Ligand code: NAD
Ligand code: IPM
Ligand code: MN
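Encoded structure:
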């Protein structure tokens with residue numbers, strides 16, 4: 002049978018703990034599929050850098066390109082760890098991968114599963130996706146510092162937005178909206194202040210909207226979007242936004258739908274010129290690492306997104322259903338199951 006070659010990057014902190022469970026579920030979910038699952042582990046991350054001084058060597062990047070998809074845990078040191086420059090691994094490994102593999106769609110779905118308590122008094126039906134741009138914005142490292150340490154220091158971070166980059170992610174958001182029952186796109190930006198980028202995004206949305214007559218669209222400034230995210234999240238269907246706004250909004254989206262331990266994501270190269278990468282939205286959580294306290298559900302739901310991407314949508318639905326089943330049986334107040342016990346339960350719930 003055809004082989005499915007998956008690169009696995011467990012990373013740091015709770016990364017290896019949640020990825021072990023995601024792999025468990027991936028193996029079981031593909032047993033009945035006509036594919037031979039081949040997993041290749043890559044040691045990368047803060048711990049790896051401390052041992053070797055490597056962030057993402059060129060050979061490793063090239064090797065990663067040969068896979069059908071990448072399953073990624075999390076990287077990053079504890080905030081107080083002075084042995085590692087802040088954000089070094091995040092930028093030189095994680096962001097480098099997203100840029101090099103052209104992951105222009107950072108897909109982050111949010112759903113309030115039945116039985117999951119939300120911190121909102123009246124959450125309503127929450128079921129939206131955030132299509133976050135993944136290769137541009139203020140993330141590209143375009144900026145610098147002058148006269149560092151003096152009273153005259155100037156630090157700049159210049160957001161890069163290209164017509165090509167904005168168009169392809171906006172079109173992707175409209176396509177996804179077109180396939181959903183509510184068919185609605187919300188652009189989130191801040192064009193009252195960020196005039197140049199804001200107008201490019203706005204114009205692009207108006208232009209792409211003409212290609213999708215059945216899809217409606219509206220606009221919110223990022224500050225107002227965070228209000229609606231708490232007061233009326235069911236107003237959202239597909240949100241399209243830039244790299245930084247999308248980062249912030251999706252942590253909030255995770256929080257209102259039962260916590261960051263449930264939030265999955267895909268860094269997707271929709272043109273399929275390089276492998277896409279699937280990862281939980283959360284980080285390495287140094288505060289709970291190594292204690293089997295992490296919820297592996299976000300990593301497991303990321304496996305469902307991976308399976309969808311490689312064309313195994315039946316297996317993807319089975320993983321989602323197994324998660325739903327497990328979640329429905331959880332009692333958040335008394336759930337003290339270890340990471341591996343949650344993984345076992347979800348694997349066992351696979352029908
Ligand atoms: P974080 O997401 O790691 O943790 C935030 C809070 O959420 C912590 O209290 C943590 O215990 C909790 N949490 C996270 N995942 C959880 C899970 N699966 N189950 C239960 N609780 C969970 O964010 P942070 O503390 O800002 O960052 C820690 C490190 O991770 C930093 O070095 C940061 O740069 C890095 N980071 C990496 C990624 C990534 O690899 N994609 C994403 C975010 C942060
Ligand atoms: C995320 C993370 C990353 C981001 C960091 C670690 C670079 O917060 O995946 O949401 O900002 O994209
Ligand atoms: Mn984030």
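In UniProt numbering, the protein residues as written are 2 to 352. C-beta atoms are modelled at their ideal positions from N, C-alpha and C, and glycine is treated no differently. No experiment lies behind these values; they were computed from the predicted model shown.
Distance, residue 215 Cα to residue 154 Cα: Put simply, the backbone Cα of residue 154 is about 51 Å away from that of residue 215.
Per-residue burial, residue 336 [other beta carbons within 10 Å of its own, 16 or more giving buried]: The residue is exposed, with fewer than 16 neighbouring Cβ atoms inside 10 Å.
Residue closest to residue 280, alpha-carbon to alpha-carbon, out of 261, 274 and 227: Selected option, being the one with the closest Cα: 261.
Every unbroken alpha helix (DSSP H) inside the segment 47 to 81 [4 residues or more]: 47 to 53 and 59 to 66, all fully within the segment 47 to 81.
Contact set for residue 157: own chain, Cβ-Cβ below 7 Å, skip 5 residues either direction: Cβ within range, chain order: 144 and 145.
CB of residue 278 within 7 Å of CB of residue 105, strictly: Their beta carbons are not under 7 Å apart, which means residue 278 does not touch residue 105 by this criterion.
Pair within 7 Å by beta-carbon distance, residue 327 and residue 346: Yes; because the gap between Cβ atoms is below 7 Å, this pair is in contact.
Under 7 Å between C-beta atoms of residue 37 and residue 351: For residue 37 and residue 351, no; Cβs fall outside 7 Å.
Whole-angstrom distance between residue 152 and residue 317, CA atom to CA atom: The C-alpha of residue 152 is placed about 55 Å away from the C-alpha of residue 317.
Residue of 126, 9, 82 and 220 minimising C-alpha distance to residue 233: The shortest Cα separation from residue 233 among 126, 9, 82 and 220 belongs to 126.
Close-in-space but distant-in-sequence residues of the same chain around residue 219 (CB under 7 Å, 5 per side omitted): Apart from the 5 residues on each side of it in sequence, residue 219 sits with its Cβ closer than 7 Å to the Cβ of 187 in its chain, given in chain order.
Residue 44, buried or exposed, once every other Cβ within 10 Å from all chains shown has been counted against 16: Answer is exposed; the Cβ neighbour count stays below 16.
Neighbourhood of residue 124 by C-beta distance below 6 Å, restricted to the same chain and skipping five residues each side: Excluding positions up to five away in sequence, the list reads 113.
Residue closest to residue 223, alpha-carbon to alpha-carbon, out of 209, 243, 324 and 330: It is 243 whose Cα lies nearest to the Cα of residue 223.
7 Å Cβ cutoff met for residue 300 and residue 19: Contact: yes.
Inter-residue spacing [alpha-carbon to alpha-carbon] between residue 17 and residue 199: Within the model, the alpha-carbon separation for residue 17 versus residue 199 is close to 39 Å.
Residue 288 CB to nearest heavy atom of the ligand IPM below 6 Å: Residue 288: no, Cβ never under 6 Å from the ligand IPM.
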